[in-house]
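Straight run, no breaks: the sequence shown in my numbering ends on number 167. Beta carbons: idealized from backbone N, C-alpha and C, even for Gly. As the structure is a computational prediction, the values presented were derived from the model and not from experiment. What follows is a short report on a single structure.
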Amino acid sequence: AAAARDIPIEELSQLIREHEMMVAFDDFGVGQARIADLLAHPPDFLKFDRMFVQTVEVDDGRRQFMSVVTQACRRLGVSTIAEGVENAADIPLLRDLGVDFVQGFVLSRPDAAHTNFKIPPSSLPGDCQHVLLGLSQKA
Numbered sequence: 029a030a031a032a033r034d035i036p037i038e039e040l041s042q043l044i045r046e047h048e049m050m051v052a053f054d055d056f057g058v059g060q061a062r063i064a065d066l067l068a069h070p071p072d073f074l075k076f077d078r079m080f081v082q083t084v085e086v087d088d089g090r091r092q093f094m095s096v097v098t099q100a101c102r103r104l105g106v107s108t109i110a111e112g113v114e115n116a117a118d119i120p121l122l123r124d125l126g127v128d129f130v131q132g133f134v135l136s137r138p139d140a141a142h143t144n145f146k147i148p149p150s151s152l153p154g155d156c157q158h159v160l161l162g163l164s165q166k167a
């Protein structure tokens with residue numbers, strides 16, 4: 029079988045949607061996801077890497093970057109997630125920046141009780157056992 033990286037992105041995106049799966053760009057800002065990919069193939073979720081989140085309170089440049097990207101994502105219909113949130117004091121700031129969800133130890137440690145998947149957890153991307161907390165008021 030061909031690896032996912034060997035399938036053209038358009039074809040892979042179509043297959044994912046046909047199977048009613050959702051897509052997340054993980055580690056945005058330090059990972060492989062590019063702004064061009066975000067525009068050409070908007071995912072369902074964009075996850076800001078913890079590097080941005082853990083310094084957002086003291087780093088104006090990263091705060092501005094997150095604000096601009098969350099605004100663009102909102103216009104594209106992409107929900108945003110801040111990963112690696114460890115400080116409850118960061119949650120109001122992330123909400124003010126327009127981040128939709130937070131993920132991290134401030135909410136919950138990984139819990140073995142929530143890892144009983146039909147799909148082996150090793151095949152799931154990212155930290156799937158973390159809790160997501162909605163920050164935005166959505167209708």
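Checklist entry - Taking just the CA atoms, how far does Phe-53 sit from Arg-45? => result For the purposes of this step, residue 45 is identified with residue 17 of the sequence shown, where counting begins at 1. For the purposes of this step, residue 53 is identified with residue 25 of the sequence shown, where counting begins at 1. The straight-line gap separating the alpha-carbon atoms of Arg-45 and Phe-53 is approximately 15 Å.
Checklist entry - Who are Glu-38's beta bridge partners in DSSP? => result Along the sequence shown, one-based indexing puts residue 38 at 10. The beta-bridge partner set that DSSP reports for Glu-38 is empty.
Checklist entry - With distances taken from CA atoms, which of Ala-68, Glu-38, Gln-42, Asp-124 is nearest Thr-98? => result For the purposes of this step, residue 98 is taken as the residue at position 70 of the sequence shown. Closest by C-alpha distance to Thr-98, out of Ala-68, Glu-38, Gln-42, Asp-124, is Asp-124.
Checklist entry - For Glu-111, is the classification buried or exposed, using 16 other Cβ atoms within 10 angstroms of its Cβ as the cut-off for buried? => result What you label residue 111 is simply residue 83 of the sequence shown in a count that begins at 1. Per the 10 Å Cβ criterion, buried.
Checklist entry - In three-state terms, what does DSSP make of Ala-110? => result The count along the sequence shown starts at 1 and reaches residue 110 at position 82. Looking at Ala-110 - three-state DSSP - the assignment turns out to be strand.
Checklist entry - Rounded to whole angstroms, how far is the Cβ of Val-58 from the Cβ of Asp-118, which I believe are closer than 8 Å? => result Numbered from its first residue, the sequence shown carries residue 58 at position 30. Numbered from its first residue, the sequence shown carries residue 118 at position 90. About 18 Å separates the two Cβ atoms, so there is no contact after all.
Checklist entry - Val-84 to Leu-43, Cα distance in whole Å? => result Translated into positions along the sequence shown, residue 84 becomes position 56. Translated into positions along the sequence shown, residue 43 becomes position 15. Going by C-alpha positions, Val-84 is about 36 Å away from Leu-43.
Item to check | Extent of the continuous alpha helix (DSSP H) run through Lys-64 | outcome: By 1-based counting over the sequence shown, the position of residue 64 is 36. The question names Lys, but residue 64 in the sequence shown is Ala. Residues 63 to 68.
Checklist entry - Which whole-angstrom value is the C-beta distance of Val-106 and Leu-74, which I expect to be below 8 Å? => result In the sequence shown, counting from the first residue as 1, residue 106 sits at position 78. In the sequence shown, counting from the first residue as 1, residue 74 sits at position 46. About 5 Å separates the two Cβ atoms, so the contact holds.
Checklist entry - Does DSSP classify Lys-146 as helix, strand or coil? => result Within the sequence shown, residue 146 is the residue found at index 118, counting from 1. Residue confidence for Lys-146 is low, a pLDDT of 44 falling below 50, so the modelled location carries little weight and cannot support an answer.
Next on the checklist: Quick check: what's the CA-CA separation for Ile-35 versus Asp-65?
Outcome noted: Looking up residue 35 in the sequence shown gives position 7. Looking up residue 65 in the sequence shown gives position 37. Taking the straight line joining both Cα atoms gives about 15 Å.
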